[in-house]
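FYI, in the numbering used here the residues of the sequence shown are 604 to 889.
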Amino acid sequence: MTNVDGHGTEDAGWDVDPEDEQGVAVLAALGRQLKAWREQAGIRATDFGMEVGYGEDLVRKVEAGKRIPRPEYLDKADEVLRAGGKIAAMKADMEQVRYPKKVRDLAKLEGRAVEIGVYSTHVVHGLLQTADHARALFEMRQPSYSQDEVERYTAARVARQSVFGRTPAPAISFVHEASALQRPIGGTLVWRQQLERLLDVGRLRHVTLQVMPNSREAHAGMGGGIEILKFGDGTAVGRSEGAFNGRPVSDPRQLQVLELRYGIIRAEALTPQESQDFIKELLGET
Numbered sequence: 604m605t606n607v608d609g610h611g612t613e614d615a616g617w618d619v620d621p622e623d624e625q626g627v628a629v630l631a632a633l634g635r636q637l638k639a640w641r642e643q644a645g646i647r648a649t650d651f652g653m654e655v656g657y658g659e660d661l662v663r664k665v666e667a668g669k670r671i672p673r674p675e676y677l678d679k680a681d682e683v684l685r686a687g688g689k690i691a692a693m694k695a696d697m698e699q700v701r702y703p704k705k706v707r708d709l710a711k712l713e714g715r716a717v718e719i720g721v722y723s724t725h726v727v728h729g730l731l732q733t734a735d736h737a738r739a740l741f742e743m744r745q746p747s748y749s750q751d752e753v754e755r756y757t758a759a760r761v762a763r764q765s766v767f768g769r770t771p772a773p774a775i776s777f778v779h780e781a782s783a784l785q786r787p788i789g790g791t792l793v794w795r796q797q798l799e800r801l802l803d804v805g806r807l808r809h810v811t812l813q814v815m816p817n818s819r820e821a822h823a824g825m826g827g828g829i830e831i832l833k834f835g836d837g838t839a840v841g842r843s844e845g846a847f848n849g850r851p852v853s854d855p856r857q858l859q860v861l862e863l864r865y866g867i868i869r870a871e872a873l874t875p876q877e878s879q880d881f882i883k884e885l886l887g888e889t
């Protein structure tokens, strides 16, 4: 990030959403502890800010629970205050609220899922986006996000991708409209890196990635994107822009509708190998 305070130091983190009750409570407690450590060490906020590389104003915002600190901020604070790892250990609490609540809730669902199915229409799905691709999308949003919000949402989106490294790994399938892959969002370099990312993820043994070619005149996904998450206890949740007013559903009869549509979409899309070849062709590798 390039935001700076009066001392010309890099921004310490992100503002907390006042409507995020859990986030407000956790950050207030974290801030009180940081302030107590600093005062016990007899260090003024100004001097502490200089030691950790941040301005006094940002230090006070963090201590007041009004700013979400970055992990490296806590690492530096631990070192300066000689906390022996006790402040750095607070990163576990901070991670619970570092990202917007709706993203945290989604990440929790994805973290529990044993099977994830996605049909994406206009853009590459968030679980597959590179940081630069995601940032470009957030920067295009209207009404526009502040740069602070862009960076926060970008980091949150990338953090969700830890689902690929889970053990045991969930079974994940994607179907993307070809047009979503052909649009050079972020410019040629960002676009090529995004396509290469798709190739890499598509090679994972627990991931199936398919492309719906533009030559399909109509198919079961014309109503909008679909996401289905299945859990180990046999329950599931799904959502589609074109069904049930776009609301998440868990009723078996409603899920059956989404699963039927998704199954047909997968059947009409290119095979995984054909999809890899399609992406390579876009990259000019064939």
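Backbone N, C-alpha and C define an ideal beta-carbon position, used for all residues, glycine too. Since the structure is predicted, the reported quantities are computational estimates derived from the model, not experimental observations.
Inter-residue Cα distance where the pair is residue i and residue j
{"i": "H725", "j": "A691", "result": "41 Å"}
{"i": "S723", "j": "R635", "result": "43 Å"}
{"i": "D696", "j": "P672", "result": "11 Å"}
{"i": "Q750", "j": "E742", "result": "8 Å"}
{"i": "K694", "j": "V700", "result": "10 Å"}
{"i": "M653", "j": "L661", "result": "11 Å"}
{"i": "E642", "j": "I831", "result": "50 Å"}
{"i": "R819", "j": "V810", "result": "23 Å"}
{"i": "Y748", "j": "A759", "result": "15 Å"}
{"i": "E888", "j": "R670", "result": "46 Å"}
{"i": "A716", "j": "R763", "result": "13 Å"}
{"i": "D618", "j": "L630", "result": "10 Å"}
{"i": "L886", "j": "D708", "result": "35 Å"}
{"i": "N606", "j": "R856", "result": "Here N606 scores only 37 on pLDDT, less than 50, and its place in the model is too uncertain to base an answer on."}
{"i": "Y756", "j": "A734", "result": "10 Å"}
{"i": "P746", "j": "E624", "result": "25 Å"}
{"i": "I646", "j": "V627", "result": "26 Å"}
{"i": "E780", "j": "V727", "result": "9 Å"}
{"i": "E844", "j": "L730", "result": "18 Å"}
{"i": "F651", "j": "A783", "result": "48 Å"}
{"i": "E659", "j": "A648", "result": "6 Å"}
{"i": "A774", "j": "Y657", "result": "43 Å"}
{"i": "A823", "j": "D854", "result": "20 Å"}
{"i": "A710", "j": "K664", "result": "27 Å"}
{"i": "G714", "j": "V706", "result": "12 Å"}
Under the three-state DSSP convention, the category residue i falls into
{"i": "Q876", "result": "helix"}
{"i": "M825", "result": "coil"}
{"i": "Y589", "result": "No answer is possible for residue 589: it lies beyond the span of the chain, which begins at 604 and ends at 889."}
{"i": "D678", "result": "helix"}
{"i": "Q732", "result": "coil"}
{"i": "I831", "result": "strand"}
{"i": "L807", "result": "coil"}
{"i": "E871", "result": "helix"}
{"i": "V727", "result": "coil"}
{"i": "S765", "result": "helix"}
{"i": "A774", "result": "strand"}
{"i": "S747", "result": "coil"}
{"i": "A780", "result": "Strictly speaking, residue 780 in this sequence is Glu, with Ala absent from that position. The answer is strand: DSSP assigns E780 an E or B state."}
{"i": "R842", "result": "strand"}
Pick from the options that is closest to residue i, judged by C-alpha positions
{"i": "P621", "options": "G790, K704, A680 and Y676", "result": "K704"}
{"i": "K833", "options": "L784, E862, E844 and L807", "result": "E862"}
{"i": "A644", "options": "A632, A695 and A686", "result": "A686"}
{"i": "Q785", "options": "I882, G668, D735 and R806", "result": "I882"}
{"i": "R864", "options": "R715, R842, S853 and P787", "result": "R842"}
{"i": "Q797", "options": "A737, L873 and V627", "result": "A737"}
{"i": "E884", "options": "E799, V804, V810 and G828", "result": "E799"}
{"i": "G866", "options": "V804, I719, T757 and Y756", "result": "I719"}
{"i": "F777", "options": "A821, G828, E754 and A739", "result": "G828"}
{"i": "D803", "options": "A846, R856, D681 and Q732", "result": "Q732"}
{"i": "L633", "options": "E754, A734, E698 and Y657", "result": "E698"}
{"i": "M825", "options": "R808, A846 and R806", "result": "A846"}
{"i": "R808", "options": "A821, V655, A772 and A710", "result": "A772"}
{"i": "V683", "options": "E752, A739 and V655", "result": "V655"}
- prompt: Would you say the segment 830-841 touches the segment 783-800, given that touching needs at least three Cβ pairs under 8 Å?
  reply: Result no; under three Cβ-Cβ pairs closer than 8 Å.
query: In chain order, which continuous runs of the alpha helix (DSSP H) of length 4 or greater are located wholly inside the segment 640-707?
result: Counting only unbroken stretches of 4 or more residues, the alpha helix (DSSP H) elements lying wholly within the segment 640-707 are 648-655, 659-666, 674-683 and 694-698, in sequence order.
field: Given 8 Å, three or more beta-carbon pairs between the segment 869-878 and the segment 842-860
entry: The segment 869-878 and the segment 842-860 do not touch, with fewer than 3 CB-CB distances between them shorter than 8 Å.
task: Answer yes if the segment 765-773 comes into contact with the segment 846-854, meaning at least three C-beta pairs across the two stretches below 8 Å, and no otherwise.
output: With the cut-off at 8 Å, the segment 846-854 and the segment 765-773 do not touch.
task: For the segment 626-641 and the segment 666-680, state whether three or more C-beta atom pairs, one from each stretch, are separated by less than 8 Å.
output: Short answer: they touch.
The segment 806-816 touching the segment 866-875, judged by at least three CB pairs closer than 8 Å: As far as the Cβ criterion goes, the segment 806-816 touches the segment 866-875, which means the pair count is three or higher.
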